[in-house]
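Structure first, then comments.
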Amino acid sequence: MATVEKMPMLQMGYDKLNTQLRELKAERPLIVDAIEEARAHGDLSENAEYHAAKERQGQVEATIGDLEDKLSRAQIIDPASLSGDKVVFGATVTLLDEDDKPVRYQIVGQAEADAKLGMISYNSPLGRALIGRQVGEEVEVSVPSGDKFYVVDKIEFI
138 MATVEKMPML QMGYDKLNTQ LRELKAERPL IVDAIEEARA HGDLSENAEY
188 HAAKERQGQV EATIGDLEDK LSRAQIIDPA SLSGDKVVFG ATVTLLDEDD
238 KPVRYQIVGQ AEADAKLGMI SYNSPLGRAL IGRQVGEEVE VSVPSGDKFY
288 VVDKIEFI
């Protein structure tokens, strides 16, 4: 029997996925209307509007299925309810790079990761390297641009 793996995420990530799902479900009737309108134009074998609408319908249905799966497996974690001296899912970590320049990341789920916003997945190379670390520990991570070295400066649960 297949096990259903829980997908940890923050409430913000859950809400974002839920919003995307509602928007796509609202688009369904519009796609059906576009297919009906294109079908009324006659020969379907050379009807670009029909094929485009059917392709969009397939994309929307696949995305809806994916979002419903993620939401059904969601395990919402509130970082404010966590504590401790180790980096865990939901923690906000301040690191010092090789030049002692601080960088700050929150460890989040895959669905909500956005490095530009300082949110990295617990499955990313840096996320995996940080999990379980404590303040003062050195972290080495291999990324496409080469090896990076950090020191854990602060761990917050906010």
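Going letter by letter, the sequence shown gives residues 138 to 295 in my numbering.
Where is the CB? At the ideal position from N, CA and C, for every residue including glycine.
Reduced DSSP category for residue i - H, G, I as helix; E, B as strand; rest coil
| i | result |
| --- | --- |
| isoleucine 268 | coil |
| glycine 179 | coil |
| glutamate 198 | helix |
| leucine 232 | strand |
| glycine 222 | Inspection of the sequence shows that residue 222 is occupied by aspartate rather than by glycine. If DSSP states are grouped into helix, strand and coil, aspartate 222 belongs with coil. |
| lysine 153 | helix |
| glutamate 253 | First, the amino acid is wrong: residue 253 is lysine here, not glutamate. Reduced to three states, the DSSP call for lysine 253 is helix. |
| valine 141 | coil |
| glutamate 79 | Residue 79 is absent from the structure shown; the chain starts at 138 and stops at 295. |
| serine 258 | strand |
Best match in the options for proximity to residue i [C-alpha to C-alpha]
| i | options | result |
| --- | --- | --- |
| glutamine 212 | Gly150, Lys285, Val280 | Gly150 |
| valine 225 | Asp284, Leu233, Tyr242, Asp234 | Tyr242 |
| glycine 273 | Leu233, Ala252, Gly255, Leu254 | Leu233 |
Contact under 8 Å by Cβ, residue i with residue j
| i | j | result |
| --- | --- | --- |
| isoleucine 172 | glutamine 194 | yes |
| methionine 146 | valine 230 | no |
| glutamate 275 | valine 288 | yes |
| proline 216 | glycine 227 | yes |
Contacting residues, own chain, Cβ-Cβ under 6 Å from residue i (five flanking each side not counted)
| i | result |
| --- | --- |
| lysine 223 | Gly269, Gln271 |
| glutamate 293 | Thr229 |
Cross-strand partners of residue i (DSSP beta bridge)
| i | result |
| --- | --- |
| arginine 241 | Thr231 |
| lysine 291 | Thr231 |
| alanine 211 | Met144 |
| serine 279 | Asp284 |
Close-in-space but distant-in-sequence residues of the same chain around residue i (CB under 7 Å, 5 per side omitted)
| i | result |
| --- | --- |
| asparagine 260 | Gln247 |
| asparagine 184 | Ala175, His178 |
8 Å CB neighbourhood of residue i in its chain, flanking five on each side removed
| i | result |
| --- | --- |
| methionine 138 | Low local confidence applies: a pLDDT of 48 at methionine 138 is under 50, so the model's placement there is unreliable, and no value is given. |
Residue i CB to nearest heavy atom of the ligand ADP below 7 Å
| i | result |
| --- | --- |
| proline 216 | Of the ligands one can find in the structure shown there are none, so the ligand ADP has no counterpart to examine. |
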